[in-house]
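First residue of the sequence shown: 776, per my numbering; consecutive thereafter.
First up is the structure itself, then whatever we jot down about it.
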Amino acid sequence: MSKSFSLTWFTSPTAQAVGFLLGAIIIGVSTLTPAEYLPPAPGSDKLHHLLGFGGWTLLCAFGPMKRFIVMASFIVFLGGVIELIQPYINRYGEWFDFYANSSGVIFIVLSKLLLERFLKHSL
Numbered sequence: 776m777s778k779s780f781s782l783t784w785f786t787s788p789t790a791q792a793v794g795f796l797l798g799a800i801i802i803g804v805s806t807l808t809p810a811e812y813l814p815p816a817p818g819s820d821k822l823h824h825l826l827g828f829g830g831w832t833l834l835c836a837f838g839p840m841k842r843f844i845v846m847a848s849f850i851v852f853l854g855g856v857i858e859l860i861q862p863y864i865n866r867y868g869e870w871f872d873f874y875a876n877s878s879g880v881i882f883i884v885l886s887k888l889l890l891e892r893f894l895k896h897s898l
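If you want it as structure tokens, here you go:
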């Protein structure tokens with residue numbers, strides 16, 4: 776496998792879709808597991824949300840921009856759906872968690888937009 780092929784694959788729509796699905800599985804399991812089965816985690820709950828949803832968005836960042844924006848919007852939507860589902864599975868649905876989820880997504884989207892703009896103007 777050549778070096779250019781591997782780089783091309785990592786920036787392809789296929790890799791972007793794989794990142795989205797992988798992130799969806801990780802976030803789905805971690806946010807929809809009943810509270811009594813969760814291990815204690817150090818740090819702020821809101822920071823966990825921000826990092827988790829930001830990480831999920833980052834997994835989708837390497838591919839076409841329009842598709843990335845659609846995926847990021849869907850991640851925000853799913854963050855809201857998860858908060859609505861959580862009270863039914865012995866978890867707490869909190870709107871501040873939704874805001875933290877959305878903040879993680881927005882941070883990655885803005886970072887990608889700024890990075891692409893910087894790279895476009897520097898080349």
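Backbone N, C-alpha and C define an ideal beta-carbon position, used for all residues, glycine too.
- Judged by DSSP secondary structure, R842 falls within the alpha helix (DSSP H) whose first and last residues are M840 to I860.
- For A799, the CB contacts under 8 Å within the same chain, skipping 5 residues up- and downstream, are W831 and L853 in chain order.
- The three-state secondary structure of A799, taken from DSSP, is helix.
- An exposed status is given to A810, since fewer than 16 other beta-carbon atoms sit within 10 Å of its beta-carbon.
- Exclusion of the five residues before and after R866 leaves A810 as the residues of its chain whose Cβ lies within less than 6 Å of its Cβ.
- If you draw a 10 Å sphere on the C-beta of S877, you find 16 or more other C-beta atoms in it, and that means buried.
- Using a Cβ distance threshold of 7 Å, F837 and T786 count as a contacting pair.
- Just measuring C-alpha positions, the residue of E891, S886, G868 and M840 sitting nearest T806 is G868.
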